[in-house]
Structure formats: structure tokens, C-alpha cells
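Asker: Respectively, the protein sequence lines represent chains A and B. Here this note's numbering is used: the first residue of the first sequence is 4, the next is one more, and so on. Here this note's numbering is used: the first residue of the second sequence is 4, the next is one more, and so on. Mind looking over this structure? Questions follow.
Number of protein chains: 2
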Amino acid sequence: MAGAHDAAVLAVARRGDPVSRAALAQELQVTPQAISKILGRLMDRGLVEEAGTVAAGPGKPTTLYRIVPGSRRAIGLHLTRSRLHSVVVDLTGEILERRELEIGRLQPVPELIGTLADEVRALRDVGPGMLLGAGVGMPGPVDGEEGVYRGTSAPDPWRGAPIRRLLAAELGMPVLLDHDSRAALVGEAWSQPGLLRNAALLLVEDGLGAALCLDDQIVRGAHSHAGEVGHTVVRIDGIACPCGRRGCAQTEYRAALDRGDAEHAARILAEVVVNLVRLVDVDHVVLGGRTVHEQHEATMDAIREALAAGLSDDPWVHVEVMLSTRGMDLIAVGAACEVLEHEYGLPQVLVGPEERG
Amino acid sequence: MAGAHDAAVLAVARRGDPVSRAALAQELQVTPQAISKILGRLMDRGLVEEAGTVAAGPGKPTTLYRIVPGSRRAIGLHLTRSRLHSVVVDLTGEILERRELEIGRLQPVPELIGTLADEVRALRDVGPGMLLGAGVGMPGPVDGEEGVYRGTSAPDPWRGAPIRRLLAAELGMPVLLDHDSRAALVGEAWSQPGLLRNAALLLVEDGLGAALCLDDQIVRGAHSHAGEVGHTVVRIDGIACPCGRRGCAQTEYRAALDRGDAEHAARILAEVVVNLVRLVDVDHVVLGGRTVHEQHEATMDAIREALAAGLSDDPWVHVEVMLSTRGMDLIAVGAACEVLEHEYGLPQVLVGPEERG
DNA sequence: GACGTATCGCAACAGCGTTTGCTTACTCTT
DNA sequence: AAGAGTAAGCAAACGCTGTTGCGATACGTC
Chain A
4 MAGAHDAAVL
14 AVARRGDPVS
24 RAALAQELQV
34 TPQAISKILG
44 RLMDRGLVEE
54 AGTVAAGPGK
64 PTTLYRIVPG
74 SRRAIGLHLT
84 RSRLHSVVVD
94 LTGEILERRE
104 LEIGRLQPVP
114 ELIGTLADEV
124 RALRDVGPGM
134 LLGAGVGMPG
144 PVDGEEGVYR
154 GTSAPDPWRG
164 APIRRLLAAE
174 LGMPVLLDHD
184 SRAALVGEAW
194 SQPGLLRNAA
204 LLLVEDGLGA
214 ALCLDDQIVR
224 GAHSHAGEVG
234 HTVVRIDGIA
244 CPCGRRGCAQ
254 TEYRAALDRG
264 DAEHAARILA
274 EVVVNLVRLV
284 DVDHVVLGGR
294 TVHEQHEATM
304 DAIREALAAG
314 LSDDPWVHVE
324 VMLSTRGMDL
334 IAVGAACEVL
344 EHEYGLPQVL
354 VGPEERG
Chain B
4 MAGAHDAAVL
14 AVARRGDPVS
24 RAALAQELQV
34 TPQAISKILG
44 RLMDRGLVEE
54 AGTVAAGPGK
64 PTTLYRIVPG
74 SRRAIGLHLT
84 RSRLHSVVVD
94 LTGEILERRE
104 LEIGRLQPVP
114 ELIGTLADEV
124 RALRDVGPGM
134 LLGAGVGMPG
144 PVDGEEGVYR
154 GTSAPDPWRG
164 APIRRLLAAE
174 LGMPVLLDHD
184 SRAALVGEAW
194 SQPGLLRNAA
204 LLLVEDGLGA
214 ALCLDDQIVR
224 GAHSHAGEVG
234 HTVVRIDGIA
244 CPCGRRGCAQ
254 TEYRAALDRG
264 DAEHAARILA
274 EVVVNLVRLV
284 DVDHVVLGGR
294 TVHEQHEATM
304 DAIREALAAG
314 LSDDPWVHVE
324 VMLSTRGMDL
334 IAVGAACEVL
344 EHEYGLPQVL
354 VGPEERG
């Protein structure tokens with residue numbers, strides 16, 4: 004696990020307040036001496052710096068350390084069929100600049116890559132620090148490992164496009180591609196380290212998506228398809244869905260909205276959340292996405308109510324429901340944070356036989 | 004990650020066929036020299052032995068190694084309100100002996116501990132090898148970390164009982180406690196190493212339970228409650244459930260069975276499985292438990308059909324549906340395998356800030 | 001019997017965290 | 001002002017694990 008402790012120290016530093024070696028040693032369960040070596044490495048890389056000393060009683064005063072937000076940057080793109088939303092963020096995930104582009108028509112893949120590359124180039128020189136690369140978040144089935152948009156069975160010019168490889172070749176920098184909801188959760192977790200060890204994010208845009216983080220690991224699944232919660236059935240024999248089944252959450256939700264029944268729509272989201280909590284037992288649920296943002300209070304109330312009714316009332320099973328801290332930038336910031344996470348996050352756990360492809 | 008490679012080598016050896024150093028080096032992505040050291044350690048502990056040589060062409064013939072099944076043993080208990088099923092298994096998870104005990108009435112906790120301990124003592128001296136400890140699998144909310152039966156809000160003499168601590172004290176050996184479905188999945192994964200990297204197990208006993216393994220990690224969740232799939236809603240506004248909500252899978256399933264509609268019952272299980280696959284994207288689904296065993300063919304067909312209908316038809320999203328390999332011993336064997344896993348499995352991943360409680 | 005080849009194993013080395021002992025820097029007491 | 005007490009930090013040695021280099025061993029072929 005090379006770098007696991009380095010990443011953990013960086014995660015603590017990202018919380019904002021300067022920290023002492025002793026506090027880090029306490030939190031990571033290693034000796035202060037090991038923290039010295041870790042901080043030495045991080046300072047050599049320019050990621051961390053000294054932040055003065057505090058004297059609290061007798062003895063040598065404690066040296067404090069803090070993260071250097073401006074030492075690294077990453078670019079994040081949120082791609083949909085109609086718009087392209089772009090941001091540059093610093094090492095802590097704070098936005099340095101933001102761009103917005105309306106896409107008039109469905110571009111063929113080579114043109115799309117050009118459009119994406121132009122946006123990245125426009126942000127390339129914003130802010131200080133080393134630019135690590137660009138992340139792209141988009142809806143629909145995405146293979147994050149391969150960096151390919153899988154698409155559905157329906158005809159689609161983007162289907163099967165190896166976006167990561169093409170864009171990386173075009174730009175000459177590292178590129179990551181992921182599902183929009185997973186990107187969003189990575190972004191939320193990056194800026195609130197330690198809080199979302201076991202969390203789910205529900206993304207309500209045109210469709211309904213989810214992402215899971217269990218034991219500090221983002222769940223991608225066997226085929227990188229985890230989180231397709233929109234076509235989860237909440238009402239057997241319910242409304243027919245284009246996917247061929249009946250009673251899918253996404254279709255029921257949209258039908259309720261279309262007939263003006265916001266209350267019932269909120270209730271469907273609530274049932275989805277409760278089902279999800281029962282299955283994987285997360286203790287934090289984050290809501291995000293364009294649609295939910297408009298009526299978030301009512302939706303959150305409905306979810307909290309359903310959780311209270313559906314779960315055991317013991318205090319040790321409390322589930323915190325919260326709104327995304329990033330608003331409309333949620334996915335673009337998340338895509339950028341995937342790049343940061345890739346470089347400076349906890350190493351992916353992939354042990355066991357035939358560990359790497 | 005102390006012992007991660009040792010555990011991985013043991014996992015490969017568990018598959019049965021003797022293996023060479025070169026093959027292990029290839030599979031674990033380490034040098035043959037490292038495999039030498041790892042095998043040396045494992046042989047010192049008696050877990051592995053040489054298994055002859057084979058000469059395949061010019062050069063020094065390859066030495067083969069195999070696991071020593073009789074070197075270790077573990078005891079597994081499957082506890083329900085009416086029965087106690089016990090097994091001893093060897094290091095590979097094979098059953099050495101099995102016992103069955105009817106429990107006439109609901110025993111108070113001290114008496115229950117005595118009953119459990121008696122069964123363990125009866126199996127204590129069966130078979131060769133070092134006895135590692137005992138595992139207990141039981142239905143209902145169980146806190147595997149703490150080894151406590153949480154129970155529901157309903158009055159229950161077992162509620163809050165620290166079974167692990169009490170039984171360990173009584174027996175003077177390590178004891179593990181876990182949810183029945185999680186134990187079952189650990190058992191299945193132990194005897195088929197490498198196959199169930201991303202898998203779900205659906206356990207159909209009196210209730211409906213599930214367990215998840217994602218990226219080779221058993222999912223326990225924030226409160227050790229993961230897998231409570233029985234009270235997942237599959238039909239909003241459906242049949243009233245004792246849990247207070249309507250349309251819970253477990254209640255709908257039982258209602259269908261009670262009115263003799265086996266086909267609809269199977270369909271409900273199928274919807275649960277499809278929902279689960281969509282959310283976490285597992286590529287293996289294992290079915291187990293008393294109830295499903297009687298009609299497994301019909302149930303499995305229904306699930307396969309629903310998966311084919313509900314999932315994209317692309318070949319790279321195939322989901323394998325299989326029946327438990329252990330029949331009625333599923334949970335008892337799984338509980339025993341939790342002990343083996345605890346001792347010789349991949350180390351639990353718990354990195355990051357405030358990593359240990 | 002000499003030669004090529006593949007496996008095996010010893011020895012030195014490298015990364016990372018721990019242990020141990022000493023130095024530094026500050027406060028409090030006399 | 002000098003000394004005692006206390007906490008933080010540094011340096012070197014060590015342990016564990018896997019890697020690299022090189023020589024030893026065992027087999028086939030010419």
C-alpha cells in the first residue's frame with residue numbers, strides 16, 4: 004500500500020485547519036516519527052507547508068502544517084447532450100474559474116472531442132500550480148476503467164466512443180472519464196474528507212442516478228455500471244418504462260412530476276433512498292442535481308420522514324440526509340476531483356489473485 | 004498490508020490444483036523470489052506443503068505446492084429460533100462433521116450461551132489440525148463488529164445480547180458473530196476463491212436477506228446492517244408489512260407463496276435481484292436458503308429471465324445466477340469460514356483518517 | 001561429456017514504519 | 001539569573017517485505 008499514509012495525511016490537511024504531527028499520529032495510528040517522514044515527503048513535493056507554531060504550556064511548541072491549495076490544479080467537464088460545463092479547481096477542490104457552453108446539436112465523436120479539448124485549453128492557464136489533467140463526467144452507462152461511453156442499445160453516435168483515449172491524445176494530458184453521479188460523489192467526498200465513508204449520492208437530473216461509497220471505496224461494480232438506480236423497480240406492474248419493464252423509479256418519478264404531483268414524486272425518491280439504505284447501510288445520503296435543487300426542502304423532508312418510518316428507531320442507525328455543497332457545479336467539480344483523487348487519494352484496493360488486468 | 008500476499012497465495016492454493024512458484028508469481032504480479040519467501044512462511048506454519056515436481060522441457064523441473072486441508076479447523080454454528088445446526092470444516096471449507104439440535108423454546112441468553120457452547124464442545128475434537136475458533140451466523144440485525152445481536156424494536160430476550168463476548172468467555176476460544184446471509188456469502192466465496200469478486204447472495208429462509216461482496220470486500224455498512232433486503236419496497240402502496248411500510252419484498256413474497264402463486268413469488272425475488280444488480284452491478288448472484296432450495300429451478304429461471312429483460316443485452320454485462328454449493332449447510336459452513344477468513348483471508352481494508360475505533 | 005535452459009536460492013539492497021536515544025525549545029520554580 | 005521539568009523533533013538502527021543480481025542445481029540435447 005505505497006502512499007496510503009501520505010494520502011491519509013493529505014486528506015486530514017484538506018479539512019482546512021492546520022494540524023500538528025501529534026494529532027496526525029493520533030489519527031492515523033502511527034508514530035510521530037513516521038508522520039515526520041511523511042510530511043517531509045509531502046513538503047518536498049510542495050503539497051504541504053509549515054504554518055507556524057503554537058505553545059500550549061511547557062515544552063517545545065508544536066509546529067503546525069497545512070495544505071498548499073495552489074500547488075496543484077485539475078480541470079473538470081460536465082458533459083450532457085445540450086451543455087458543457089467546465090471548471091478549474093485547486094488541490095482542495097475550490098473553484099478557480101468556470102465556463103459554460105451550449106451545444107446546439109448532437110455532434111459526431113471527432114467534433115465532440117474537439118469541443119471538449121477547446122474548453123480545456125481555455126482553462127489551461129487559469130490559476131497557479133501544476134495542472135494534473137482533466138476529468139469528464141457524463142450521464143448514462145460509462146465504463147470508468149476503460150474510459151469508454153458504453154451507451155444503451157438505442158442508436159447513438161457516441162456509443163462505444165473511447166472518449167478518454169481520444170481526449171488524452173488530443174490534449175497530451177491525463178484524462179479520466181466517469182459516470183456523472185460517481186463523479187459527483189467523489190467531489191463531495193474530496194471536499195469533506197472523512198465524512199462520507201459510507202455514503203450514497205442521489206443525482207436527479209434528466210434521469211435518476213446514484214453513486215455509492217462503502218468503506219471509503221467508490222463502488223464501480225463488475226462492469227463499471229453501479230448506480231443505475233433509475234431503472235430500479237419501485238412498483239411492480241407500474242407505469243411502462245422505455246427500458247421494457249414496468250414501475251421503474253425514474254419513470255414513476257417523472258410521471259408524478261408531469262401530472263403536477265410533487266409530493267408523490269418526492270415520495271418515490273424517498274422510497275429509492277430507503278431501499279438503498281436498507282441494502283447497503285450508508286449513514287449519509289447526499290442529494291444533488293438540477294431537478295432536485297429547485298425543491299430540495301420538500302424532497303429532503305420526504306426522505307427524512309420515510310427513513311424515520313422505515314428504519315429501526317434506534318439512535319445508532321441514524322442516517323444523515325444532506326444537500327450537495329456544490330450546487331450546479333456538482334458534476335464538473337466532481338470530475339476534476341476524480342483527477343485529484345486519482346493522483347493523491349487513497350490507493351485503489353485491488354488485491355488478491357489476478358489482481359490487475 | 005501485512006500478509007496480503009500470503010493470503011492471496013493461500014487463496015490460489017485453496018482452489019485445489021497444486022501450483023508452481025512461477026504460476027503464483029504471474030498471478031500475484033510479484034517476483035518468483037518473493038513467492039519463495041511467502042511459501043517458506045506458509046510452510047513453516049504448516050499451511051502448505053510440497054507436492055512433487057514436474058519436468059516440462061529442458062531446465063530444472065518445477066516444484067509444485069498444495070494446501071494442507073487438515074492443518075486447521077473451524078467450527079460454525081447456524082442459530083435460528085427453532086434449531087441449531089453445527090459443523091466442523093477444514094482449511095478448505097470442507098465439512099468434517101455435522102450436528103443438528105432442535106431448540107424447543109426460546110431460551111434466555113445465559114442458557115442459550117450454554118447450548119451453543121455444548122455444541123461447540125461436542126465438535127471440538129473432530130478432525131486433525133489446529134482449531135481456530137467458532138463462528139455463529141444468525142438472522143436479523145446483527146452487529147458483526149461488536150458481536151452483538153441488535154434485534155428489532157419488538158420485545159425479545161436476545162435483544163442486545165453480546166453473544167460473541169459471552170461465548171468466547173465461556174469457551175476460551177475466538178468467536179465471531181455475523182448476519183446469516185453475510186456468513187453464507189463468506190462461505191461461498193471461501194470455497195470458490197476468485198470467483199465471487201463482485202457478487203450478491205440472496206438468502207430465502209423465513210425472511211429475505213442479502214449479502215454483498217464488492218471488489219472482494221464483504222459489505223457490512225456503516226452500522227453493520229447491510230443486506231436487509233427483505234424490507235425493500237417493490238410495490239409502493241402494496242401489502243402492509245409489520246415493519247410499518249407497504250409493499251416490502253419479504254411480505255409480498257410470502258403473500259404470494261401463501262396464496263399458492265409460486266410464479267409470482269419467484270417474480271418478486273427476480274425483481275429484487277434485478278434492482279440489486281442495477282444498483283451495485285455484481286456479476287454473480289448466488290441463491291441459498293431453505294425456502295428457495297425446494298423450487299430453485301423455477302426461481303432461477305425467473306431471475307435469469309428478469310435479468311435478460313431488464314439489463315442491457317450487451318455481452319459484457321452478463322450476470323451469472325447460481326445456486327449455493329452447500330445446500331442446507333450454507334450458513335453453518337459460512338460461519339466457520341468467517342473464522343478461517345478472519346485468520347487467513349485478505350486483511351480488512353480500513354485505511355484513512357480515524358481508521359480504527 | 002559439453003552446452004543451453006529453466007528453476008531455485010543466497011546475499012545485498014530498497015522502501016516504510018518502529019524503536020531508541022539524544023537535542024532543542026519552551027515554562028516554571030527558586 | 002540559573003536550574004529543573006516537559007514536550008517536540010531529529011537521527012540512526014532495526015524489522016519486515018519484496019526486488020535485484022548472481023551463482024548453483026537439474027534437466028534436455030548435441
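Just so it is clear, CB atoms sit at the ideal spot from N, CA and C, and this is done for glycine as well.
Strictly under 8 Å for the Cβ-Cβ distance: is residue 355 of chain A near chain B by that measure?
Answerer: In this prediction, residue 355 of chain A has a pLDDT of 44, which is less than 50 and means its spatial position is unreliable; nothing more can be read from the coordinates.
Asker: What residues in the segment 212-239 of chain A bring their beta carbon closer than 9 Å to a beta carbon of chain B?
Answerer: Correct list: 213, 215, 217, 218, 219, 220, 222, 223, 224, 225, 226, 227, 228, 229, 230, 231, 232, 233, 234, 235, 236, 237, 238 and 239.
Asker: Going by DSSP, what residues sit across from residue 221 of chain B in a beta bridge?
Answerer: B:216
Asker: Hey, is residue 274 of chain A's beta-carbon within less than 8 Å of any beta-carbon in chain B?
Answerer: So yes, residue 274 of chain A belongs to the interface.
Asker: Which value, in whole angstroms, describes the spacing of the CA atoms of residue 114 of chain B and residue 122 of chain B?
Answerer: Near 13 Å, if we compare the C-alpha coordinates of residue 122 of chain B and residue 114 of chain B.
Asker: Closer than 7 Å between beta carbons: that is the criterion. Which residues of the segment 279-299 of chain B meet it against chain A?
Answerer: 279, 281, 282, 283, 284, 285 and 286
Asker: Could you check whether the Cβ of residue 248 of chain A sits closer than 8 Å to any Cβ belonging to chain B?
Answerer: It does: the Cβ of residue 248 of chain A has a partner Cβ on chain B nearer than 8 Å.
Asker: Could you please give me the residues that DSSP links to residue 46 of chain B through a beta bridge?
Answerer: According to DSSP, residue 46 of chain B bridges with nothing at all.
Asker: Does any CB atom of chain A fall closer than 8 Å to the CB of residue 73 of chain B?
Answerer: no
Asker: Helix, strand or coil for residue 133 of chain B per DSSP?
Answerer: strand
Asker: Closest to residue 206 of chain B by CA distance: which of B:266, B:170 and B:276 is it?
Answerer: B:276
Asker: Just to confirm my understanding: we take residue 48 of chain A, look at its own chain, exclude 5 residues before and 5 after, and list those with CB closer than 6 Å. What are they?
Answerer: Answer for residue 48 of chain A: no residue qualifies.
Asker: Report yes if the C-beta distance between residue 286 of chain A and residue 225 of chain B is below 8 Å; otherwise report no.
Answerer: yes
Asker: For residue 50 of chain B versus residue 71 of chain B, is the C-beta distance shorter than 8 Å?
Answerer: Contact flag set, yes.
Asker: What span of residues does the beta strand (DSSP E) with residue 325 of chain A cover, start to end?
Answerer: 323-326
Asker: Check residue 23 of chain A in the structure and name its three-state DSSP category.
Answerer: strand
Asker: Given a cut-off of 8 Å on the beta-carbon distance, is the pair residue 272 of chain B and residue 299 of chain B in contact?
Answerer: no
Asker: Round the Cβ separation of residue 148 of chain B and residue 85 of chain B to the nearest angstrom and send it over; I've been treating them as touching at under 8 Å.
Answerer: Wrong, their Cβ atoms sit about 27 Å apart, outside the cutoff.
Asker: DSSP three-state label for residue 141 of chain A, please.
Answerer: strand
Asker: What does the Cβ neighbour count give for residue 136 of chain B, buried or exposed, with the cut at 16 atoms within 10 Å?
Answerer: buried
Asker: State the CB to CB distance for the pair residue 21 of chain A and residue 69 of chain A, rounded to an integer number of angstroms; the pair is presumed to be in contact (CB under 8 Å).
Answerer: 4 Å
Asker: The alpha helix (DSSP H) that contains residue 336 of chain B, what's its start and end?
Answerer: 333-347
Asker: According to DSSP, what are the bridge partners of residue 8 of chain B?
Answerer: DSSP output for residue 8 of chain B lists no bridge partner at all.
Asker: Is the separation between the beta-carbon of residue 290 of chain A and that of residue 302 of chain A shorter than 8 Å?
Answerer: yes
Asker: Strictly below 7 Å CB to CB, what residues from chain A border residue 312 of chain B?
Answerer: Within chain A, the residues 247 and 248 have their CB atoms less than 7 Å from the CB of residue 312 of chain B, given in chain order.
Asker: When Cβ atoms are compared, which residues of the segment 31-49 of chain B fall closer than 8 Å to chain A?
Answerer: Hits within the stretch, in order: 31 and 32.
Asker: Note the first and the last residue of the continuous beta strand (DSSP E) segment covering residue 259 of chain A.
Answerer: Note, residue 259 of chain A: premise wrong, no beta strand (DSSP E); alpha helix (DSSP H) at 252-261.
Asker: For the pair the segment 124-132 of chain B and the segment 149-159 of chain B, tell me if three or more CB-CB distances fall below 8 Å.
Answerer: no
Asker: Fully enclosed by the segment 24-96 of chain B, which beta strand (DSSP E) runs are 3 residues long or longer?
Answerer: 51-57, 65-70, 75-82 and 86-93
Asker: Cβ closer than 7 Å: which chain A residues qualify as neighbours of residue 320 of chain B?
Answerer: Under the 7 Å cutoff, chain A gives 226 and 228.
Asker: So the candidates are A:270, A:331, A:284 and A:307; which of them puts its Cα closest to the Cα of residue 297 of chain A?
Answerer: A:331
Asker: Quick one, are the C-beta atoms of residue 6 of chain A and residue 189 of chain A less than 8 Å apart?
Answerer: no
Asker: Suppose you measure from the CA of residue 355 of chain A to the CA of residue 129 of chain A; what does that come to, to the nearest Å?
Answerer: Because the pLDDT at residue 355 of chain A is just 44, under 50, the model does not fix this residue reliably, and the value given afterwards should be weighed accordingly. When rounded, the distance between both Cα atoms is 42 Å.
Asker: Identify, in the order they occur along the chain, each residue of the same chain with its Cβ nearer than 6 Å to the Cβ of residue 176 of chain A, setting aside the five sequence neighbours on each side.
Answerer: 136
Asker: Please report the distance separating the alpha-carbon of residue 218 of chain A from that of residue 55 of chain B.
Answerer: Cα to Cα, the separation comes out at about 42 Å.
Asker: Using 10 angstroms around the beta-carbon of residue 191 of chain B, count the other beta-carbons present and answer buried if the total reaches 16, otherwise exposed.
Answerer: Classification for residue 191 of chain B: buried.
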